[in-house]
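Sequential numbering of the sequence shown, starting at 80, is according to the working numbering. All C-beta atoms in this analysis are idealised placements derived from N, C-alpha and C, irrespective of residue type, glycine included. In what follows, a single structure is set out as structure tokens and then discussed.
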Amino acid sequence: LSSSALFCSPRNLMSTNNYIKRVSIEGNIAVGKSTFARLLQNACPDWDVIAEPVSKWQNVDQTPPTASSPQPCTSNLLEMMYRDPKRWSYTFQSFSCMSRLRTQLQPLPDTLLRSRGGAVRVYERSVYSDRYIFALNMFALGCINSTEWAVYQDWHSFLIEQFGHRVQLEGIIYLRASPQMCLERLNRRARVEEQEIELDYLEKLHTRHEDWLINKTTTLHFEQLMKVPVLVLDAEVAFEQNPEVQDCLLSKVRDFLS
Ligand code: TTP
């Protein structure tokens, strides 16, 4: 991987009359998307950074709490999916996409809408990585069957037709690191559900990101998505504890959005 970030300016493509600039952060599992999202939020407090609703996937409400049983009963769909991918991948991919869309459709706070220079909304992942990275990969692995895949694509396309303009991206920030580095970070953070993830799975997801965002060989069903500019940031270098690397990455993001 190159040590310098590749840079592609969205200036000509970013519409000047669109008040909200929406960008998503994409990248492999454990590459550091949430750390980077927190970094952006701290550096740019007037940006609206929307975290991925992973805890919802780990705590799916089965029954709402009642007076007689105040503890809600929840199931961990993330854990179920990793334990038995053939049984649960379709369910997981439906729920993760729905919960993401619901979170990302939330109205922008008034204070941000009035911010000078326009509002910036940053998403951790998008409905597009849901489909073109994870769901597609599970289909290719045979964990989503062809009927489930047809159903998934049908409702996903319909949702994008109906709501796509409200989550339309003007830029994508691709945090790029080798699958080996992601595996190292994944092992370090030790999320219980991810214990069995192997390098091979991260390599497959890496290739999907590369095909979509670098090689542009993924077949996309949304014309507007093909034109979205991509800022590629080298995430091989640990940035969490390194202010110099952070400054460099942040200035690239600011340039990208200016
Ligand atoms: P990620 O979206 O990759 O989030 P992360 O917390 O690993 O990212 P980072 O460390 O870079 O901040 O995925 C969260 C978990 O959900 C991970 O185990 C992969 C899984 N997942 C799927 O299986 N399918 C999906 O469609 C998505 C979005 C995630």
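- When the Cα atoms are used, Q241 and L184 turn out to be separated by approximately 12 Å.
- The C-beta distance from L254 to A314 rounds to 4 Å, short enough to fall under 8 Å.
- Using a Cβ distance threshold of 8 Å, R101 and P132 do not count as a contacting pair.
- Taken atom to atom, the span from the alpha-carbon of R117 to that of V128 is near 8 Å.
- C-alpha of A229 to C-alpha of H235: approximately 10 Å in a straight line.
- Sequence-distant partners of R166 (beyond 5 residues in either direction) whose C-beta falls short of 8 Å from its own C-beta, in its chain, are M159.
- In terms of CA proximity to L157, V139 leads the group Q325, V139, R267 and I252.
- Between L281 and C261, the C-beta spacing is below 8 Å.
- Look at Q259 here: in three-state DSSP terms it is helix.
- Going by beta carbons, R204 and I276 fall outside the 8 Å limit.
- Per DSSP, the beta bridge partners of D313 are R255.
- Inside the segment 186 to 244, DSSP marks whole beta strand (DSSP E) runs of 3 or more residues at positions 198 to 203, from first to last along the chain.
- Not one heavy atom of the ligand TTP falls within 7 Å of the beta-carbon of D127.
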